[in-house]
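Colleague: Take this structure first; my questions come after.
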Amino acid sequence: MQKKMIKKGLTLAAMALSLAGITKAQQAPSNKVVADKIIAQVGDDIVLQSDIQEGVNQYRSNPEFTNLPPDLECHILKTQVMMKALAIQAQRDSLPFSDDEVTQAFQSKIQMYLQQFGSRERLEQAAGKTIEQMRQEWTPDLKQTLLAQKMQRSIAQDVTITPVEVEAYYNQIPKDSLKFYESQFEASQIIIYPQPNEDVIAYIKNELEDWKKQVEDKKANFAALAKLYSDEPAAKQTGGQLSINRQDDKGRIDPDFMNAAFRLREGQISPVIKSQMGYHIIQMVSRAGNDAIVRHIIKIPPVTDEEVQIIQKRMDSIKDLLSTGKMTFPEAFNRYNEDKDAKYNAGAIYGYDNYSPVTSFTIDQLQDKDLAKLLPTMKVGDFSDPQVFTDQTGRQGVRIIYLRVRSEPHRENIKDDYDKIAQRALAVKKQDALDDWLTKHMKDFYIQIDPSFAHCPELAQWMKSTNEKVEHYSSMELKN
Numbered sequence: 026m027q028k029k030m031i032k033k034g035l036t037l038a039a040m041a042l043s044l045a046g047i048t049k050a051q052q053a054p055s056n057k058v059v060a061d062k063i064i065a066q067v068g069d070d071i072v073l074q075s076d077i078q079e080g081v082n083q084y085r086s087n088p089e090f091t092n093l094p095p096d097l098e099c100h101i102l103k104t105q106v107m108m109k110a111l112a113i114q115a116q117r118d119s120l121p122f123s124d125d126e127v128t129q130a131f132q133s134k135i136q137m138y139l140q141q142f143g144s145r146e147r148l149e150q151a152a153g154k155t156i157e158q159m160r161q162e163w164t165p166d167l168k169q170t171l172l173a174q175k176m177q178r179s180i181a182q183d184v185t186i187t188p189v190e191v192e193a194y195y196n197q198i199p200k201d202s203l204k205f206y207e208s209q210f211e212a213s214q215i216i217i218y219p220q221p222n223e224d225v226i227a228y229i230k231n232e233l234e235d236w237k238k239q240v241e242d243k244k245a246n247f248a249a250l251a252k253l254y255s256d257e258p259a260a261k262q263t264g265g266q267l268s269i270n271r272q273d274d275k276g277r278i279d280p281d282f283m284n285a286a287f288r289l290r291e292g293q294i295s296p297v298i299k300s301q302m303g304y305h306i307i308q309m310v311s312r313a314g315n316d317a318i319v320r321h322i323i324k325i326p327p328v329t330d331e332e333v334q335i336i337q338k339r340m341d342s343i344k345d346l347l348s349t350g351k352m353t354f355p356e357a358f359n360r361y362n363e364d365k366d367a368k369y370n371a372g373a374i375y376g377y378d379n380y381s382p383v384t385s386f387t388i389d390q391l392q393d394k395d396l397a398k399l400l401p402t403m404k405v406g407d408f409s410d411p412q413v414f415t416d417q418t419g420r421q422g423v424r425i426i427y428l429r430v431r432s433e434p435h436r437e438n439i440k441d442d443y444d445k446i447a448q449r450a451l452a453v454k455k456q457d458a459l460d461d462w463l464t465k466h467m468k469d470f471y472i473q474i475d476p477s478f479a480h481c482p483e484l485a486q487w488m489k490s491t492n493e494k495v496e497h498y499s500s501m502e503l504k505n
């Protein structure tokens with residue numbers, strides 16, 4: 026039963042891995058050249074040998090997959106064939122679907138990789154292609170995957186799980202295989218930024234306007250000025266150059282910066298623009314539709330110790346309101362928080378699990394080392410003293426941390442971890458429903474498999490069902 030659980034988990038995970046990925050761009054190139062060939066056909070769609078090899082590389086390079094099937098290639102080809110059949114059936118059943126769903130899936134995937142690589146340029150360098158090229162290359166696979174997932178949900182939509190079934194599932198897990206959970210934290214924050222002196226802001230604006238005029242008068246080069254004066258650390262290497270996309274970078278790039286950039290003609294320089302990070306001038310280098318290459322110089326107005334102390338005192342008063350129960354955290358957040366990025370997540374603090382943001386995290390999933398030191402010292406319901414910090418953009422702020430949830434390290438048990446166990450039990454039951462559907466319906470698809478995979482039991486059975494159906498119709502035609 027345990028082996029069955031592992032196998033099912035991998036099958037579902039493979040559906041996620043089948044999304045067009047960038048993994049192969051991060052792997053060392055092989056000196057061995059293998060001629061590609063067709064390994065399988067489902068309807069009019071094909072699976073290539075290179076598709077199988079890419080799947081193998083993805084599994085083996087992902088540390089999450091520790092218990093791999095003994096014949097990984099069989100497993101991957103089975104998943105590929107299954108996905109194509111499910112996508113075909115989704116179209117036959119006219120399940121609701123739109124191209125907007127593909128666009129949204131692509132943007133979500135790109136945002137994940139941008140978080141991983143840090144910038145559009147680094148991502149494109151690692152992939153060896155532009156984001157637009159990735160869009161064109163990935164779209165067919167994304168569409169197929171989304172259709173297959175819709176069909177899978179349709180098959181399993183009526184599957185439910187009872188407490189008795191959850192307990193039975195839990196009881197058959199070997200005790201030495203039960204998961205061990207580190208302490209999990211959930212926390213939120215209120216951030217207020219000290220306001221720099223107006224004279225400092227005026228000085229910075231004058232500097233930026235002077236540099237803009239120098240470039241426009243051809244007395245200076247924009248990239249050279251960015252390397253010398255921009256407060257962006259990477260500008261010394263990049264000359265302030267950024268590749269941006271009006272759609273893909275929504276939520277990642279300040280909207281005031283984005284709007285100002287896309288109002289420019291090629292070669293034009295913006296007036297001084299204020300964003301959440303600081304003050305900029307932007308030069309449009311080139312533009313094609315929603316894609317643009319710009320250069321910018323950013324200056325972040327410094328704040329004095331006195332200005333920081335003013336905010337600390339204000340935060341002390343806010344903490345008093347929270348600690349005495351005169352104001353709830355949501356009320357204080359809505360009234361005082363100045364972090365625009367936190368507007369829609371109520372100030373939730375994120376950890377990162379394989380580059381994906383999570384609101385329930387372990388200490389080692391935090392990128393903020395100050396928070397990693399602070400949270401273990403707090404109790405659930407505590408409000409921290411005001412903390413002076415520097416955010417990812419280089420701005421100095423003051424924050425109050427609220428610890429909402431903290432679990433103790435423990436071995437998995439049905440009392441404390443019922444919801445997690447129930448989710449896994451339900452996933453197994455849904456996989457059973459999918460397996461039943463495949464057993465009954467794979468004969469309805471034209472499937473051909475390369476003889477080199479004839480040893481794969483389920484693939485051989487699916488192909489046999491197809492052949493029997495073809496032979497049946499051929500005999501019917503002969504009789505007629």
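Here this note's numbering is used: position 322 in the sequence shown is 347, and no number is missing along the way. Ideal placement from N, C-alpha and C gives every residue a C-beta, glycine not left out. All of these numbers come straight from a predicted model, not from anything done at the bench.
Given this structure, state the Cα-to-Cα distance separating residue 141 from residue 62, to the nearest angstrom.
Modeller: Locating residue 141 in the sequence shown gives position 116, where the first residue counts as 1. Locating residue 62 in the sequence shown gives position 37, where the first residue counts as 1. Cα-Cα distance, rounded: 33 Å.
Colleague: With DSSP collapsed to three states, give me the class of residue 379.
Modeller: The residue you call residue 379 lines up with position 354 of the sequence shown. Of the three classes helix, strand and coil, the one that applies to residue 379 here is coil, per DSSP.
Colleague: Okay, do the region 291-305 and the region 234-244 touch, 3+ Cβ pairs below 8 Å being the bar?
Modeller: Touching, per the Cβ criterion.
Colleague: Report the start-end ranges of each beta strand (DSSP E) in the region 161-243 that is 3 residues or longer and not cut off at the edges.
Modeller: Unbroken beta strand (DSSP E) runs of no fewer than 3 residues, entirely contained in the region 161-243, are found at 210-217, following chain order.
Colleague: Quick check on the DSSP output: the beta strand (DSSP E) that includes residue 305 runs from which residue to which?
Modeller: For the purposes of this step, residue 305 is taken as the residue at position 280 of the sequence shown. Element bounds for residue 305: 304-313.
Colleague: Assign residue 228 to buried or exposed, taking buried as 16 or more other Cβ atoms, counted over all protein chains shown, within 10 Å of its Cβ.
Modeller: Here residue 228 is taken as the residue at index 203 of the sequence shown, counted from 1. Under this definition residue 228 is an exposed residue.
Colleague: Which residues does DSSP list as the beta-bridge partners of residue 427?
Modeller: As a position in the sequence shown, residue 427 is number 402, starting the count at 1. The partner list for residue 427 (beta bridge, DSSP) reads 213, 408.
Colleague: So, under 8 Å CB-CB, residue 425 and residue 396 are touching, yes? Tell me the CB distance rounded to an integer number of Å.
Modeller: Position 400 of the sequence shown, counted from the first residue, corresponds to residue 425. Position 371 of the sequence shown, counted from the first residue, corresponds to residue 396. Taking the Cβ atoms as the reference, residue 425 lies roughly 12 Å from residue 396, outside the contact range of under 8 Å.
Colleague: Grouping DSSP H, G and I as helix and E and B as strand, with all else coil, what is residue 270?
Modeller: Translated into the one-based positions of the sequence shown, residue 270 becomes position 245. Three-state DSSP puts residue 270 in a strand.
Colleague: Please list the terminal residues of the continuous alpha helix (DSSP H) segment that includes residue 392.
Modeller: Taking the first residue of the sequence shown as 1, we reach residue 392 at position 367. For residue 392, there is no enclosing alpha helix (DSSP H), as DSSP marks it with neither H nor E.
Colleague: In three-state terms, what does DSSP make of residue 336?
Modeller: As a first step, residue 336 is located in the sequence shown; it is residue number 311 there, counting from the start. Of the three classes helix, strand and coil, the one that applies to residue 336 here is helix, per DSSP.
Colleague: Let me know the secondary structure DSSP gives residue 486 once reduced to three states.
Modeller: Position 461 of the sequence shown, counting from 1, holds the residue named residue 486. Note: residue 486 maps to helix in three-state DSSP.
Colleague: So what's residue 436 in DSSP terms, helix, strand or just coil?
Modeller: For the purposes of this step, residue 436 is taken as residue 411 along the sequence shown, with counting starting at 1. Correct three-state label for residue 436: strand.
Colleague: Comparing alpha-carbon positions, which option in 398, 302, 149, 434 lies nearest residue 279?
Modeller: Taking the sequence shown and counting its residues from 1, the one referred to as residue 279 is at position 254. When only C-alpha atoms are compared, the closest one is 302.
Colleague: Name, in chain order, the residues that DSSP records as bridge partners for residue 373.
Modeller: Counted from its first residue, the sequence shown places residue 373 at position 348. DSSP, once it has assigned bridges, lists 213 as partnering residue 373.
Colleague: Thinking just about the alpha-carbon of each residue, which of 477, 123, 169 is nearest to the one in residue 108?
Modeller: Residue numbering aside, residue 108 sits at position 83 when the sequence shown is read from its first letter. Closest option to residue 108, Cα to Cα, is 169.
Colleague: On the DSSP letters alone, give me the boundaries of the alpha helix (DSSP H) that residue 256 sits inside.
Modeller: Taking the sequence shown and counting its residues from 1, the one referred to as residue 256 is at position 231. From DSSP, residue 256 is part of no alpha helix (DSSP H); its letter is neither H nor E.
Colleague: Between 208, 163, 449, 452, which lies nearest to residue 402 when the distance is taken from Cα to Cα?
Modeller: Residue 402 sits at position 377 when you count from the first residue of the sequence shown. Per the C-alpha coordinates, the member of 208, 163, 449, 452 positioned closest to residue 402 is 208.
Colleague: Per DSSP, residue 275 is paired with what?
Modeller: For the purposes of this step, residue 275 is identified with residue 250 of the sequence shown, where counting begins at 1. DSSP output for residue 275 lists 278 as bridge partner(s).
Colleague: Take residue 102 and list the residues in its own chain whose beta-carbon comes closer than 8 Å to its own, dropping the five residues that flank it on each side.
Modeller: Counting from 1 along the sequence shown, the entry for residue 102 is found at position 77. 64, 65, 72, 77, 474, 478, 481, 484, listed in sequence order.
Colleague: Considering residue 102, what are the terminal residues of the alpha helix (DSSP H) in which it resides?
Modeller: The residue given as residue 102 occupies position 77 in the sequence shown. Its alpha helix (DSSP H) spans residues 97-117.
Colleague: Rounding to the nearest angstrom, what Cα-Cα distance links residue 338 and residue 151 in this structure?
Modeller: By 1-based counting over the sequence shown, the position of residue 338 is 313. By 1-based counting over the sequence shown, the position of residue 151 is 126. Cα to Cα, the separation comes out at about 46 Å.
Colleague: What are the boundary residues of the beta strand (DSSP E) that includes residue 72?
Modeller: In the sequence shown, counting from the first residue as 1, residue 72 sits at position 47. Here the beta strand (DSSP E) through residue 72 covers 70-73.
Colleague: Can you have a look at residue 242 and say buried or exposed, based on whether 16 or more other CB atoms are within 10 angstroms of its CB?
Modeller: Stepping through the sequence shown from its first residue, residue 242 is reached at position 217. By the 10 Å Cβ count, residue 242 comes out exposed.
Colleague: Alpha carbon to alpha carbon, what distance is there between residue 116 and residue 392?
Modeller: Counting from one through the sequence shown, the residue named residue 392 turns up at place 367. Counting from one through the sequence shown, the residue named residue 116 turns up at place 91. So the two alpha carbons sit approximately 43 Å from each other.
Colleague: Is the region 170-179 touching the region 113-127, taking contact as three or more C-beta pairs under 8 Å?
Modeller: Segment contact: the region 170-179 against the region 113-127, three or more CB-CB distances shorter than 8 Å; contact assigned.
Colleague: State whether the region 210-220 contacts the region 350-370, with contact taken as three or more CB pairs (one from each stretch) at a distance under 8 Å.
Modeller: Between the region 210-220 and the region 350-370, the count of Cβ pairs shorter than 8 Å is three or higher; the stretches touch.
Colleague: Do you know whose CA, among 97, 205, 94, 106, lies nearest residue 435's CA?
Modeller: The residue given as residue 435 occupies position 410 in the sequence shown. Nearest option by C-alpha distance: 205.
Colleague: Tell me residue 299's beta-bridge partners as DSSP assigns them.
Modeller: To locate residue 299, count along the sequence shown from 1; it is residue 274. Per DSSP, 304.
Colleague: Do you know how far the Cα of residue 328 is from the Cα of residue 267?
Modeller: Taking the first residue of the sequence shown as 1, we reach residue 267 at position 242. Taking the first residue of the sequence shown as 1, we reach residue 328 at position 303. Between the alpha carbons of residue 267 and residue 328 lies a gap of roughly 27 Å.
Colleague: How about residue 156 and residue 149: are their beta carbons less than 8 Å apart?
Modeller: Here residue 156 corresponds to residue number 131 of the sequence shown, with the count starting at 1. Here residue 149 corresponds to residue number 124 of the sequence shown, with the count starting at 1. Going by C-beta atoms, residue 156 is nearer than 8 Å to residue 149.
Colleague: Figure out for me which residue from 431, 450, 430 has the closest Cα to the Cα of residue 439.
Modeller: Stepping through the sequence shown from its first residue, residue 439 is reached at position 414. Closest option to residue 439, Cα to Cα, is 450.
Colleague: From the DSSP output, in three-state form, read off residue 145 for me.
Modeller: Counting from 1 along the sequence shown, the entry for residue 145 is found at position 120. Helix at residue 145.
Colleague: With DSSP as the reference, identify every bridge partner of residue 316, one or two as the case may be.
Modeller: Residue mapping note: residue 316 aligns to position 291 of the sequence shown, counting from 1. In the DSSP assignment, residue 316 forms a beta bridge with 270, 313.
Colleague: Reducing DSSP to helix, strand and coil, say where residue 77 ends up.
Modeller: Walking along the sequence shown from the start, residue 77 turns up at place 52. Three-state result, residue 77: helix.
Colleague: Under 6 Å Cβ to Cβ from residue 305, same chain only, skipping five residues before and after it: list those, please.
Modeller: Against the sequence shown, residue 305 aligns to sequence position 280. 298, 321, 323.
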